[in-house]
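A.B. asks: Using the numbering used here, you'd call the opening residue of the sequence shown number 857 and step up by one each time. Yeah, the Cβ is synthetic: ideal placement off N, Cα and C, and Gly gets one too. Please see the structure below; I have some questions.
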Amino acid sequence: MRRIYLDHAATTRTAPEVIDAVVQAMQVDWGNASSSHAQGQSARRMVDAARIAVATLVGARPEEIYFTSGATESVNWAVGLAPEFIQGRGDRLVSSAIEHPCGLESAGRAQARGWITAAARVDSGGILDLGSFQEALAVKTALVSVMLANNETGTIQPVKEAARMAREAGALFHTDATQAIGRTRVDVNELGVDYLSLSAHKFYGPKGVGALYVRKGAPLEPFMRGGEQERGKRAGTFNVPGIAGLGVAADMAVEFLDKRADHARSIRDALEQGLLSRITGTELNGCREPRLPSHLNIYFPGVDAEALLMALDVAGIAVSTGSACSSGTTEPSHVLTAMGIPRARALSAMRFTSGEDNVAEESGLVLEAVVTAVERLRRSSPRAL
Ligand code: PLP
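This is the structure we're talking about:
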């Protein structure tokens, strides 16, 4: 049975071109990129090329890119460690209520380092409420961190406006662009951000590698100490295979951005239209636009999302719920909760994310499988519709 993968927000299949670069870095250019000899320098060239590719992807300069182990590290660095390097701008961090757990926990780390934190509200469509955001900025703020697109709903945040407001209030700005990169155009200068986090595996690159963009002149303290790599800011032997793979993924993300977005959108839209018209009571969670072309979050009244996920998995379809299991109980997604969605509805929410792994007829196949599973689940454990 060929499985259908509709969980591209969780991760993406590594592109064959990326695998070639990783293999090249492991089999041929396997030197230490810090070594002065020829083997070291050929590995170094791969790292340098990748830095240029990532810079190009986000409209930055190569020297503004720091390689990391992924977005979790980048966000922990820029946000969690900020109290150690952002000085003279107050001791307050403003973020949004819908950040990824790595953003929420990094805010917690900033708090543990003595900062005060505030989370601006989002509206019922999951978009940052700029009124609440402006209020939060009324108190002197050192750093703002607002994600560019939400991982659960795909909602694109008004980062450009928020960054302008932050700048006027004297604050620096970080954005977690992990979901947005490769799905929509991202330019650090157009957005006006000072820091940006990304992860390679969300756009067909390898897992365990990412980057932090830091605007020239913006403060930064080392994340790892013990070597001169990444200009002394992130010590440790270069992960040449991962970085080379990230570089190729970045090149491809630039080259195929529109094609990939159109492809993901056509599959997502067909599925969305089918689910909303065929299944009684279904509604979209989050706003229709502005939204990433890949993301679809649907409310299935009377259906336990975890049970639907399992039923679809058995039918060969990979999807996701936004809820988190902790100590044996299922907690509703903090993102949907922040949008004012009641617990019962949040526990009936399913995320479908399309991408390169899908072919056109899959939206129809998934639709039929969901219709069947929902009918069965509603019959077996009827909840109030
Ligand atoms: N930020 C967002 C918005 C994400 O969706 C993710 C991954 O799901 C991350 C950060 C963390 O990325 P990684 O696990 O690759 O470090």
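(1) Of the choices Asp1125, His1190 and Gly1010, whose alpha-carbon is the least far from that of Arg1039?
(2) Classify Val1002: buried if its beta carbon has 16 or more other beta carbons within 10 angstroms, exposed otherwise.
(3) Going by DSSP in three states, Ala916 sits in which element: helix, strand or coil?
(4) Would the beta-carbon of Val931 be found less than 7 Å away from any heavy atom of the ligand PLP?
(5) Within 10 angstroms of the Cβ of Trp971, are there 16 or more other Cβ atoms? Answer buried if so, exposed if not.
(6) If Ile954 and Arg1147 are in contact, beta carbons under 8 Å, what's the gap, nearest whole angstrom?
(7) Residues bridged to Val1070 by DSSP?
(8) In whole angstroms, give me the CA-to-CA distance for Gly1211 and Leu862.
(9) Is it buried or exposed, Gln815, if we count other Cβ atoms within 10 angstroms and call 16 or more buried?
(10) Ile1154 by DSSP, collapsed to three states: which one?
(11) Taking 8 Å as the limit between beta carbons, can you name the residues of its chain near Ala1273, skipping five residues before and five after?
(12) Secondary structure at Ser1176, three-state DSSP: helix, strand or coil?
(13) Relative to the ligand PLP, is the shortest distance from any of its heavy atoms to the C-beta of Cys958 smaller than 7 Å?
(14) Can you tell which of Val1170, Ala1167, Pro1157 and Ser1219 has the C-alpha that lies nearest to the C-alpha of Leu1203?
(15) Taking 8 Å as the threshold (C-beta atoms), are Leu984 and Pro1014 in contact?
(16) Consider the C-beta atom of Thr868 and the heavy atoms of the ligand ZN; say whether any pair is separated by less than 7 Å.
(17) Give me whichever residues DSSP pairs with Tyr922 in a beta bridge.
(18) Just to check, is the beta-carbon of His1057 closer than 7 Å to a non-hydrogen atom of the ligand PLP?
C.D. replies: Working from what's here:
(1) As a first step, residue 1039 is located in the sequence shown; it is residue number 183 there, counting from the start. When only C-alpha atoms are compared, the closest one is Gly1010.
(2) Within the sequence shown, the letter at position 146 stands for residue 1002. Answer is buried; the Cβ neighbour count reaches 16.
(3) Residue numbering aside, residue 916 sits at position 60 when the sequence shown is read from its first letter. Ala916: coil per DSSP, three-state reduction.
(4) Counted from its first residue, the sequence shown places residue 931 at position 75. Val931: yes, Cβ under 7 Å from the ligand PLP.
(5) In the sequence shown, residue 971 corresponds to position 115, counting from 1. The residue in question, Trp971, is buried, as its Cβ has 16 or more Cβ neighbours within 10 Å.
(6) Translated into positions along the sequence shown, residue 954 becomes position 98. Translated into positions along the sequence shown, residue 1147 becomes position 291. Their Cβ separation, rounded to whole angstroms, is 14 Å, which puts Ile954 and Arg1147 out of contact at 8 Å.
(7) Within the sequence shown, the letter at position 214 stands for residue 1070. Tyr1051.
(8) Position 355 of the sequence shown holds residue 1211. Position 6 of the sequence shown holds residue 862. For Gly1211 and Leu862, the distance between alpha carbons rounds to 7 Å.
(9) As shown, the chain starts at 857 and ends at 1241. That puts residue 815 outside it, with no answer to give.
(10) Translated into the one-based positions of the sequence shown, residue 1154 becomes position 298. The answer is strand: DSSP assigns Ile1154 an E or B state.
(11) Limits of the chain in this structure are 857 at one end and 1241 at the other, which puts residue 1273 out of reach.
(12) Numbered from 1 along the sequence shown, position 320 holds the residue referred to as residue 1176. Strand, per DSSP.
(13) Taking the first residue of the sequence shown as position 1, residue 958 is located at position 102. The answer is yes for Cys958.
(14) Counted from its first residue, the sequence shown places residue 1203 at position 347. The residue with the shortest Cα to Cα distance from Leu1203 is Pro1157.
(15) Looking up residue 1014 in the sequence shown gives position 158. Looking up residue 984 in the sequence shown gives position 128. For Pro1014 and Leu984, yes; Cβs fall inside 8 Å.
(16) Ligands in the displayed structure: the ligand PLP; the ligand ZN is not one of them.
(17) On the sequence shown, residue 922 is found 66 positions in, with the first residue counted as 1. Leu1068, per the DSSP bridge assignment.
(18) Numbered from 1 along the sequence shown, position 201 holds the residue referred to as residue 1057. Because some heavy atom of the ligand PLP lies under 7 Å away, the Cβ of His1057 counts as near it: yes.
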